[in-house]
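Read the structure below first, then the notes.
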Amino acid sequence: MYLPLIDACRRRRRCSDEPPCYVDTLLDLEVPVKDDDHVASVGVGGSEQQQRISDAELVGLCSEFLGAGSETVAAAIQWIMANLVKRPDIQEAVRREIDDSVGAEAEEVGEEVLEKLEYLNAVVMEALRLHPTTALVFRQVMKEDDVVLDGRRIGVGTTVIFPLEALARDKTVWADPDVFKPERFLASGGGETMNLVAAAGSAGKMKMIPFGAGRRICPGMGVAMLHIGYFVANLVREFVWKEAEGEHTIDLQPHTIVLVTVMKRPLRAHLLQRRRDAKNTS
1 MYLPLIDACR RRRRCSDEPP CYVDTLLDLE VPVKDDDHVA SVGVGGSEQQ QRISDAELVG
61 LCSEFLGAGS ETVAAAIQWI MANLVKRPDI QEAVRREIDD SVGAEAEEVG EEVLEKLEYL
121 NAVVMEALRL HPTTALVFRQ VMKEDDVVLD GRRIGVGTTV IFPLEALARD KTVWADPDVF
181 KPERFLASGG GETMNLVAAA GSAGKMKMIP FGAGRRICPG MGVAMLHIGY FVANLVREFV
241 WKEAEGEHTI DLQPHTIVLV TVMKRPLRAH LLQRRRDAKN TS
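Using the UniProt record's numbering, the first residue of the sequence shown is number 1, and each one after it goes up by one.
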């Protein structure tokens, strides 16, 4: 799937002066040559030997960037909007918060405003809890991680599987775990704020890990949260979202495609534009 894209980039580079794209930077990337013991080889003069990354490695990087980095964000936005369609009261609360924070003349809800929208961020967190876009997280026990769980030692090299949805719906941790309730992430609503990145020594207090945790946490978490908040804020600001009828009613049943959890029946909704007058008078 990605090899034709990589080959096209190689051909374009030979006959074009266009600005480089992400794949172009990978084509020039060099990494240290390592032996079977993963020790970097040293060349003449004591410098590390370098080599271009292989096509297989290029495919892996493109898959992570274009697949894992976009499909999960799109799925998260769809889950959030589906819940807002099902709960028009929550949708209206998000809209009021946005209107109170952004002037009618503003073209969009910008990045500088997003972090101030506490209720919107609570909605995003609740959707990530209730509908994590990655069904499972796989981690391997490393040599320095001497893990003991319930008195049983988990050996080095063991693969541990974390079922994210089951963890986030644990009734011993969450009240009404199957209910979409953003207030659980608001201190003013009797809930608690939550950081998705655990501080040192606080991993035991983490209640949800939609991006994984620790040293191997998803490196794209910050960008993903920004994109999700940005699109949801502007979609709610520009349109009133209403549930369609008949076969297009909202169905929150999940369906997993290559570890990405999406809606089994994709979201269909009626959209009513609400800012036409503001745009025409500006």
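Just so you know, even glycine gets a beta-carbon here, dropped at the ideal spot from N, CA and C.
Please return the same chain residues whose Cβ sits closer than 6 Å to the Cβ of residue i, not counting the five positions on each side in sequence.
i	result
residue 46	The predicted model places residue 46 with a pLDDT of 49, which falls under 50 and marks its position as unreliable, so this point remains unresolved.
residue 51	33
residue 80	127 and 232
residue 14	none
residue 154	141 and 147
residue 158	141
residue 262	75 and 255
residue 251	265
residue 177	169 and 171
If you count every other CB in all the chains shown that lies within 10 Å of the CB of residue i, and 16 or more means buried, which is it?
i	result
residue 62	buried
residue 8	exposed
residue 184	buried
residue 218	buried
residue 179	exposed
residue 40	For residue 40, the predicted model reports a pLDDT of 47, less than 50, meaning its position is unreliable and no value from the coordinates is stated.
residue 85	buried
residue 228	buried
residue 23	buried
residue 149	exposed
residue 98	buried
residue 258	exposed
residue 156	exposed
residue 20	exposed
Please work out which residues of its chain come closer than 7 Å, Cβ to Cβ, to residue i, disregarding the five sequence neighbours upstream and downstream, and give them in chain order.
i	result
residue 182	90, 119, 122, 123 and 126
residue 248	268
residue 65	22
residue 2	59, 62 and 63
With distances taken between CB atoms, is the gap from residue i to residue j smaller than 8 Å?
i	j	result
residue 264	residue 255	yes
residue 213	residue 133	no
residue 113	residue 102	yes
residue 187	residue 129	no
residue 12	residue 18	yes
residue 220	residue 69	yes
residue 31	residue 53	yes
residue 244	residue 268	yes
residue 72	residue 224	yes
residue 234	residue 57	no
Figure out for me which residue from the options has the closest Cα to the Cα of residue i.
i	options	result
residue 239	88, 142, 19 and 69	88
residue 96	117, 257, 172 and 267	117
residue 266	55, 69, 83 and 233	83
residue 253	171, 131 and 235	131
residue 206	234, 177 and 173	173
residue 139	149, 156 and 161	161
residue 272	26, 20 and 241	241
residue 77	230, 175 and 171	230
residue 4	29, 55, 25 and 16	55
residue 226	115, 25, 16 and 29	115
Assuming residue i and residue j form a contact by the criterion Cβ under 8 Å, report the distance between their Cβ atoms to the nearest whole angstrom.
i	j	result
residue 209	residue 137	7 Å
Taking 8 Å as the limit between beta carbons, can you name the residues of its chain near residue i, skipping five residues before and five after?
i	result
residue 275	104, 237 and 238
residue 164	132, 134, 135, 136, 137, 208, 209 and 210
residue 175	184
For chain C, check one thing: does any of its Cβ atoms lie closer than 8 Å to the Cβ of residue i?
i	result
residue 121	The chain inventory of the structure shown lacks chain C, comprising one protein chain alone.
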